[in-house]
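Colleague:
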Amino acid sequence: MTPIETVADDRPEHPVDVVERLAAINAWTFDRAEEDEISILVAGEWANYDVAFTWIPGIESLHVACSFDLKAPPRKRAAIGELMQLINEQLWLGHFDLWREQDLVMFRHSLCLAGGASASDSQCSAVVKAAISACETYYQAFQFVLWADRNPREAIAFAAFETRGSA
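At position 27 of the sequence shown (counting the first as 1) the number is 30 in the working numbering, and the numbers step up by one without a gap.
#1: Mind listing, in chain order, the continuous beta strand (DSSP E) runs of no fewer than 3 residues lying wholly within the segment 78-104?
#2: What's the gap between the Cα of A81 and the Cα of P155?
#3: According to DSSP, which residues form a beta bridge with H112?
#4: Would you call the CB atoms of A50 and F71 closer than 8 angstroms?
#5: For a test of the three-state rule: what should DSSP assign to R153, helix, strand or coil?
#6: For the alpha helix (DSSP H) containing D20, list its first residue and its last residue.
#7: Around the Cβ of R167, are there at least 16 other Cβ atoms within 10 angstroms (buried) or fewer (exposed)?
#8: With DSSP as the reference, identify every bridge partner of T57, one or two as the case may be.
#9: Quick check: A46 and G97, are their CB atoms within less than 8 angstroms of each other?
#10: With a Cβ-Cβ cutoff of 8 angstroms, do P18 and L65 count as a contact?
This is how it looks when you write it as structure tokens:
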């Protein structure tokens, strides 16, 4: 049997059930229209984030897509693409992507559960935290490119600036 053929579907708990429990514990609004999909709404400092989880059994992976109200109009796509490239170089987990169907910027990641591994509460919580943290960290950089006509390097430098100490 080749590694491609080793798909286990006898998990003790469906991975999306774990995410649903996490949403309920945190009192996040969620919608589970399908067995393999759930969408949760998480309030951040800069925006409300739609975090969609999709279980993909064929590759035993829990895909995560976190989007927020940020559309990249065609005239700004090149600059947003460059900004995402600069951001992605700094990320250890996941990446930003542009969903061209809706010109929507989103953070994406997958939790690999190969060999029948189960998703844990802490794994799913860490993925949500990573997605929200990345979006919050770079939210203003995207705004700078879209609304202040800053170039991507200026925008990323602004987002990376941290005030240290106190007055």
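All C-beta atoms, glycine included, are put in the ideal place defined by N, C-alpha and C.
Quick caveat: nothing in here was measured; it's all calculated off a predicted structure.
Modeller: Taking the definition as stated:
#1: If only complete runs of 3 or more residues are kept, the segment 78-104 shows the beta strand (DSSP E) at 98-102, in order along the chain.
#2: For the purposes of this step, residue 81 is identified with residue 78 of the sequence shown, where counting begins at 1. For the purposes of this step, residue 155 is identified with residue 152 of the sequence shown, where counting begins at 1. Roughly 10 angstroms between the two C-alpha positions.
#3: For the purposes of this step, residue 112 is taken as the residue at position 109 of the sequence shown. DSSP lists V67 as partners of H112.
#4: Position 47 of the sequence shown, counted from the first residue, corresponds to residue 50. Position 68 of the sequence shown, counted from the first residue, corresponds to residue 71. Taking a C-beta distance under 8 angstroms as the contact criterion, A50 and F71 qualify as a contact pair.
#5: Taking the sequence shown and counting its residues from 1, one reaches residue 153 at position 150. Coil.
#6: Counted from its first residue, the sequence shown places residue 20 at position 17. First-last of the alpha helix (DSSP H) with D20: 18-28.
#7: In the sequence shown, counting from the first residue as 1, residue 167 sits at position 164. With a pLDDT of only 43 at R167, under the threshold of 50, the placement of this residue in the model should not be trusted, and no figure is reported.
#8: One-based indexing of the sequence shown puts residue 57 at position 54. DSSP output for T57 lists E40, H66 as bridge partner(s).
#9: Indexing the sequence shown from 1 puts residue 46 at position 43. Indexing the sequence shown from 1 puts residue 97 at position 94. No, these two residues do not count as a Cβ contact at 8 angstroms.
#10: Sequence index remark: in the sequence shown, residue 18 carries index 15 (1-based). Sequence index remark: in the sequence shown, residue 65 carries index 62 (1-based). Judged by beta-carbon spacing, L65 lies within the 8 angstroms limit of P18, meaning their Cβ atoms are closer than that value.
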